[in-house]
Amino acid sequence: MAESSGFAKTLAAISGAFDRRAADYDESTMHRAVADAVAEFADLDGAADVLDIATGTGLALRALHRRASGLRLTGVDISAGMLAAAASALPSAQWIESDVAAVPLPGVSVDLITCVTALHIIPDIAGTIAEWHRLLRPGGRVVTATFLMREDERLVDSPTPKRPYISDYRPVRTVEAYSETFASLGFRLTRHSVWADGVDTVLIAELVPA
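For what it's worth, our numbering labels the leading residue of the sequence shown as 774, then goes sequentially.
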């Protein structure tokens, strides 16, 4: 019971932190650029239904919509404030307020899952990846964009006022380490690219069930 209560507090902390960022989140040049890079990288061949995990203000789905307006788009996030901004920007998409480790969608219903600069803030990575396996249709794939750690960067192992939550995802420094991490979770890395702006380095990767 204590563990469940602690997890609920973690989700509430994440939700509150991003509710406070919702009004100006889209001002981030980096987040907009990475969303565009993900949309360009994604293989949309045969894709009809797309799910964006921890969608925030829906930047990735908006970029995908600009590329292929016929896609059926769904975004899920724990932050009501972020989702309100997303719905205002792209009302044609479906927006769901939910823990991303328990997405209220039927199994085998999605062709493409995206998760953009969010793995490091998801508290239940194992549960989230299990959902990806449940939701993907045969031939489906996942595209993630995740930060690669710099050599001088340290893991955050305790909450801070700026980030009052901790994820069990361990950021990686190399493509090989990323591939090994997801192989242990039942996914195979098929291709990747690296986006960088001089400060942040982001690995954009395509995964398929192993």
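Quick reminder that beta carbons are idealized off the backbone N, C-alpha and C, glycines included. From a predicted model like this one, the values you see are computed outputs, not experimental measurements.
Continuous alpha helix (DSSP H) stretch holding residue i: start and end
i	result
Ile898	Ile898 to Leu908
Val876	Looking at the DSSP string, Val876 is not in any alpha helix (DSSP H), and its letter there is neither H nor E.
Ala956	Val948 to Ala956
Proximal residues to residue i (C-beta, below 6 angstroms), its chain only, five neighbours per side dropped
i	result
Arg964	Glu979
Ser788	Ile851 and Ser852
Ala858	Ala795 and Thr830
Residue i - DSSP class collapsed to helix/strand/coil
i	result
Val807	helix
Asp745	Nothing can be reported for residue 745: it is not among the residues displayed for the chain, which extend from 774 to 983.
Gly854	helix
Ile895	coil
Leu824	strand
Whole-angstrom distance between residue j and residue i, CA atom to CA atom
i	j	result
Ser906	Pro982	The question names Ser, but residue 906 in the sequence shown is His. If you take the alpha carbons of His906 and Pro982, they lie about 7 angstroms apart.
Leu962	Tyr798	30 angstroms
Met803	Asp809	10 angstroms
Gly912	Glu953	21 angstroms
Gly900	Gly880	14 angstroms
Leu921	Ala891	12 angstroms
Pro915	Val945	In the sequence on display, residue 915 carries Val and not Pro. Going by the C-alpha atoms only, they are around 18 angstroms apart.
Val972	Val883	34 angstroms
First through last residue of the beta strand (DSSP E) which encompasses residue i
i	result
Glu870	Gln867 to Glu870
Ala969	Phe960 to Ala969
Leu976	Thr974 to Pro982
Leu1052	Lying outside 774 to 983, the shown extent of the chain, residue 1052 is not represented and no answer is given.
TODO: Please determine if the stretch 856-876 and the stretch 812-819 are in contact, where contact requires at least 3 C-beta pairs separated by less than 8 angstroms.
DONE: Under the three-pair Cβ rule at 8 angstroms, the stretch 856-876 does not count as touching the stretch 812-819.
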